[in-house]
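> Take the sequence shown: its position 154, counting from 1, is numbered 154 in our numbering, and each next residue is one higher. Glycine included, every Cβ here is placed at the ideal spot set by N, Cα and C.
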Amino acid sequence: MSEVVSYNREGKIGVITVNYPPVNALGQAVRSGLLAALEQGQKDADAKVLLLVCEGRTFIAGADIREFGKPMQEPTLPALVNTFENSDKPLVAAIHGTALGGGLETALSCHYRVAVSSAKVGLPEVKLGLLPGAGGTQRLPRLTGARKALDMITTGEFVGARDALALGILDAVDDGDDIRAAGLAYAQKVADEGKPVRRVRDITDKIEADKGSDVFDQFRDELKKRARGLFSPFKCVDAVEAAFSLPFDEGMKRERELFMECMESPQRGGLIHSFFGEREVSRVKGLAKDTPVRDVKSVGIIGAGTMGGGIAMNFVNVGIPVTIVEVKQEALDKGLAIIRRNYENSAKKGKLTQAQVEQRMALITPSLTYDDFRDVDLVIEAVFENMAIKKEIFARLDEVCKPGAILASNTSTLDIDEIASATKRPEDVVGMHFFSPANVMKLLENVRGSKTSDEVKATVMAVAKKIRKVGVMVGNGYGFVGNRMLHKRGTEAMSLVDEGATPQQVDKVLTDLGFPMGQFAMSDLAGIDVGYRIREERRKAGEDIPASWMDKLAEQGRLGQKTLAGVYKYEEGSRKPVPDPKVEQLIEQFRKEQGITPRAITDQEILERCMYAMINEGARILEEGIADRPLDIDIVWIYGYGFPAHRGGPMFWADQEGLDTILCAVKKYRDTVGGEQWEPSALLEKLVSEGRKFGDL
Numbered sequence: 001m002s003e004v005v006s007y008n009r010e011g012k013i014g015v016i017t018v019n020y021p022p023v024n025a026l027g028q029a030v031r032s033g034l035l036a037a038l039e040q041g042q043k044d045a046d047a048k049v050l051l052l053v054c055e056g057r058t059f060i061a062g063a064d065i066r067e068f069g070k071p072m073q074e075p076t077l078p079a080l081v082n083t084f085e086n087s088d089k090p091l092v093a094a095i096h097g098t099a100l101g102g103g104l105e106t107a108l109s110c111h112y113r114v115a116v117s118s119a120k121v122g123l124p125e126v127k128l129g130l131l132p133g134a135g136g137t138q139r140l141p142r143l144t145g146a147r148k149a150l151d152m153i154t155t156g157e158f159v160g161a162r163d164a165l166a167l168g169i170l171d172a173v174d175d176g177d178d179i180r181a182a183g184l185a186y187a188q189k190v191a192d193e194g195k196p197v198r199r200v201r202d203i204t205d206k207i208e209a210d211k212g213s214d215v216f217d218q219f220r221d222e223l224k225k226r227a228r229g230l231f232s233p234f235k236c237v238d239a240v241e242a243a244f245s246l247p248f249d250e251g252m253k254r255e256r257e258l259f260m261e262c263m264e265s266p267q268r269g270g271l272i273h274s275f276f277g278e279r280e281v282s283r284v285k286g287l288a289k290d291t292p293v294r295d296v297k298s299v300g301i302i303g304a305g306t307m308g309g310g311i312a313m314n315f316v317n318v319g320i321p322v323t324i325v326e327v328k329q330e331a332l333d334k335g336l337a338i339i340r341r342n343y344e345n346s347a348k349k350g351k352l353t354q355a356q357v358e359q360r361m362a363l364i365t366p367s368l369t370y371d372d373f374r375d376v377d378l379v380i381e382a383v384f385e386n387m388a389i390k391k392e393i394f395a396r397l398d399e400v401c402k403p404g405a406i407l408a409s410n411t412s413t414l415d416i417d418e419i420a421s422a423t424k425r426p427e428d429v430v431g432m433h434f435f436s437p438a439n440v441m442k443l444l445e446n447v448r449g450s451k452t453s454d455e456v457k458a459t460v461m462a463v464a465k466k467i468r469k470v471g472v473m474v475g476n477g478y479g480f481v482g483n484r485m486l487h488k489r490g491t492e493a494m495s496l497v498d499e500g501a502t503p504q505q506v507d508k509v510l511t512d513l514g515f516p517m518g519q520f521a522m523s524d525l526a527g528i529d530v531g532y533r534i535r536e537e538r539r540k541a542g543e544d545i546p547a548s549w550m551d552k553l554a555e556q557g558r559l560g561q562k563t564l565a566g567v568y569k570y571e572e573g574s575r576k577p578v579p580d581p582k583v584e585q586l587i588e589q590f591r592k593e594q595g596i597t598p599r600a601i602t603d604q605e606i607l608e609r610c611m612y613a614m615i616n617e618g619a620r621i622l623e624e625g626i627a628d629r630p631l632d633i634d635i636v637w638i639y640g641y642g643f644p645a646h647r648g649g650p651m652f653w654a655d656q657e658g659l660d661t662i663l664c665a666v667k668k669y670r671d672t673v674g675g676e677q678w679e680p681s682a683l684l685e686k687l688v689s690e691g692r693k694f695g696d697l
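Okay, here's the thing in structure tokens:
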């Protein structure tokens with residue numbers, strides 16, 4: 001018997017127990033142990049019903065990530081679930097925690113399923129560029145019908161136990177928290193009532209109901225909008241459709257063929273890189289695992305605007321009380337009204353109860369005085385990008401806040417060390433750069449100053465996890481990682497329009513690559529005044545930032561979506577960018593003033609200049625130690641700027657493009673376009689000369 005799977009009998013119930021911490025993943029030892037335990041249960045004449053249950057905090061939560069990228073050893077998962085389903089004794093799966101991927105497929109091969117009410121189930125393979133490959137696409141729709149199976153499989157989202165019961169995935173839900181007791185009770189019921197073996201493969205009523213419907217064509221049309229450019233979601237639809245058009249065994253063969261197509265897709269590599277990268281960035285280079293972490297039980301936020309309000313929501317969502325300080329009552333009232341409206345909208349969609357809305361609002365204390373920050377554990381400043389104002393604020397926080405309180409700035413570009421210089425405790429000062437909208441975007445770019453203590457670094461990374469963000473620790477320097485690269489792309493995008501491209505042409509090249517929006521649509525979303533203020537600050541600091549037609553838009557009050565006019569125009573209530581002839585005229589006038597004769601610009605040139613300038617800057621960021629690893633840059637861009645996850649992030653994508661190709665183009669633009677952004681990075685040149693990639697670092 002396997003060490004990680006055991007068999008014993010309790011009365012008439014043969015119990016198969018998996019104990020493979022931390023998540024009972026379906027590694028080879030578990031798969032072979034399950035087969036051996038099933039065989040023992042089949043031979044046990046006194047066992048009338050078999051029960052599959054797991055120790056620890058969860059049911060089988062999926063594949064063993066240590067086996068990713070390696071040939072699967074026998075027994076394979078498809079063979080295992082087939083053997084389980086063909087058991088001649090009723091087999092009950094008892095689910096707690098999560099049953100995900102192969103874990104849910106294993107449960108679906110059992111004849112009955114019971115769960116505790118806190119359990120969740122799902123098939124998240126699509127998030128790795130795959131589809132369920134052990135019968136998930138064939139068994140799930142037999143229980144739920146086509147539409148819900150398509151929803152679950154193409155999004156990879158989890159379903160709670162109560163919803164899973166309503167959908168037919170589960171047969172019973174127990175309100176207790178003892179899954180073994182719940183499983184034994186249900187298995188005993190199966191035995192007492194003489195319930196038969198009931199194989200999911202033989203359940204056909206929902207298959208017959210949806211057979212011949214247009215649900216698959218409708219779903220593909222929907223996917224063209226929400227999964228544009230992705231490979232595996234469409235293969236998932238093909239696989240589920242096979243459950244309705246082919247006999248079960250042939251459907252299983254079709255699922256396997258489609259699974260292998262996904263395995264061979266280059267998108268799988270990018271998505272798996274993103275998946276592992278999200279977990280890897282939590283390990284900060286040079287930061288010991290046992291670094292002490294400070295307790296953050298209360299938070300202060302300066303500014304009740306869009307960013308401040310969004311940041312506050314992250315904390316109250318997890319039960320951490322927040323004090324928001326503003327200079328005027330009117331601003332406070334407006335900020336709290338927006339927060340309430342956001343929560344009310346969630347309640348209307350059924351995501352929150354009205355009681356939860358009130359609970360969260362009750363955790364926010366509005367204030368007009370910094371004195372109310374005296375006892376908070378963390379303060380986050382979220383005012384606009386002005387160094388003088390930020391230093392004034394931090395000097396005041398230094399006076400007011402208790403020893404050990406962390407003082408953080410939400411700055412997107414400014415020098416954390418200079419901000420910290422306004423205090424007598426630079427070791428407690430750190431950057432916490434949230435992305436707009438702060439209550440939605442997953443990235444938290446934590447910025448270490450030269451004197452930030454390890455304890456503070458560890459704490460803000462722990463805070464990121466607590467508020468369900470992907471925290472990435474980066475170094476201090478203008479724009480840090482994300483905005484530093486973005487500004488290089490922005491400079492090239494602006495220059496391309498100056499030279500003859502249109503904003504919509506530039507944006508289309510980027511959206512065709514997989515970005516949710518292009519450079520100029522993103523500027524409109526963020527607010528053109530944001531970039532304008534940043535450029536003005538840099539000019540005040542003595543940098544040579546040339547005037548641009550974007551400055552003219554800001555000066556005319558065309559600030560983007562919030563004013564219904566920016567680079568594009570917008571209809572009331574719509575976020576769809578519409579080209580505006582007034583902007584075309586403004587650009588033409590700007591070209592005349594600058595003596596520029598416009599030329600035709602190809603999409604390929606736009607791609608190279610926007611993306612390769614970013615890659616060259618990313619290499620410099622690595623040289624300088626602003627980012628510790630290429631994957632840190634990748635995760636910043638995936639979760640903060642919408643870089644298509646299936647392309648793995650900019651540095652991963654660069655490796656696929658070929659660093660020699662990129663270096664050759666960088667040198668070409670150095671000679672033809674000019675500018676410091678086209679001076680080749682020493683690291684890029686070194687990697688090409690050595691025949692290595694960013695992924696080798």
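With a threshold of 8 Å, are at least 3 pairs of Cβ atoms found where one atom belongs to the stretch 585-592 and the other to the stretch 468-488?
no
> Do R256 and L246 count as a contact pair if the criterion is CB distance below 8 Å?
no
> Is it buried or exposed for A395, if we count other Cβ within 10 angstroms and need 16 for buried?
exposed
> In the DSSP assignment, what residue or residues form a beta bridge with V114?
Per DSSP, the beta-bridge partners of V114 are A94, A172.
> Considering only DSSP beta bridges, list what G122 is partnered with.
L100
> What residue does the beta strand (DSSP E) around S409 start on, and which one ends it?
406-409
> For the stretch 322-351, which segments carrying the alpha helix (DSSP H) assignment without a break, of at least 4 residues, lie completely within its bounds, in sequence order?
329-348
> Rounded to a whole number of angstroms, what is the C-alpha to C-alpha distance between A93 and G11?
18 Å
> Would M517 and F434 be called neighbours here (beta carbons separated by less than 8 Å)?
no
> Can you find the residues in the same chain that come closer than 6 Å, C-beta to C-beta, to V23, ignoring five residues on each side of it along the sequence?
T58, A61
> Runs of 4 residues minimum, wholly inside the stretch 588-657: which ones carry the alpha helix (DSSP H) assignment?
603-623, 630-641, 650-657
> Between which residues of its own chain and E572 is the CB-CB distance below 7 Å, once the five residues before and five after are set aside?
L564
> Less than 8 Å between the CB atoms is what I'm expecting for L443 and V472, so what's the real figure, rounded?
7 Å
> Going along the chain, which unbroken runs of the alpha helix (DSSP H) with 4 or more residues stay wholly within the stretch 435-494?
Runs of the alpha helix (DSSP H) lying entirely within the stretch 435-494 and spanning at least 4 residues, in chain order: 454-466.
> Would you list the residues sitting across from V23 in a DSSP beta bridge?
Answer is none; V23 lacks a bridge partner.
> What is the DSSP secondary structure of S32, counted as helix, strand or coil?
helix
> Quick check on DSSP: helix, strand or coil for E3?
coil
> Runs of 3 residues minimum, wholly inside the stretch 154-218: which ones carry the beta strand (DSSP E) assignment?
172-174
> So, at 6 Å on beta carbons, what are the nonlocal neighbours of L363 in its own chain, with the 5 sequence-adjacent residues on each side left out?
Listed in chain order, the non-local C-beta contacts of L363 below 6 Å within the same chain comprise V316, P321, local neighbours out to five positions each way being set aside.
> Tell me which residues share the same chain as P266 and place their Cβ nearer than 8 Å to its Cβ, disregarding the 5 neighbours each side in the sequence.
Q656
> Should L697 and A619 be called a contact, given that it needs their Cβ atoms to be closer than 8 Å?
no
> Between A63 and G122, is the Cβ-Cβ spacing less than 8 Å?
no
> Can you list, in chain order, the residues of its chain with a C-beta nearer than 6 Å to that of P644? Leave out the 5 residues immediately preceding and following it.
G514
> Check each candidate in L150, T155, R538, L140 and name the one with the smallest Cα separation from L165.
L140
> Check whether the stretch 378-394 and the stretch 415-424 touch, using three or more Cβ-Cβ pairs below 8 Å as the test.
yes
> Do you know offhand how far D628's Cα is from A288's?
15 Å
> The alpha helix (DSSP H) that contains C236, what's its start and end?
232-245
> How far does the beta strand (DSSP E) with E381 in it reach, from first residue to last?
378-381
> Tell me, to the nearest whole angstrom, how far the beta carbon of I528 is from that of M550; I am working on the premise that it is less than 8 Å.
6 Å
> In this structure, how does DSSP classify S274 when only helix, strand and coil are distinguished?
helix
> Measure from the alpha carbon of R113 to the alpha carbon of each residue in A146, I169, Y532, then state which is nearest.
I169
> Anyone know if the C-beta pair for P437 and G640 falls short of 8 Å?
no
> Under three-state DSSP, which class holds F259?
helix
> Starting from G300 and walking both ways along the beta strand (DSSP E), at which residues does that stretch end?
Annotation: the continuous beta strand (DSSP E) that includes G300 extends over 299-302.
> May I have the straight-line CA-CA distance separating M1 from F234, to the nearest angstrom?
For M1, the predicted structure reports a pLDDT of 48, less than 50, and the residue's modelled location is therefore unreliable. A value from the coordinates is still provided. About 41 Å.
> On the DSSP letters alone, give me the boundaries of the beta strand (DSSP E) that P366 sits inside.
364-367
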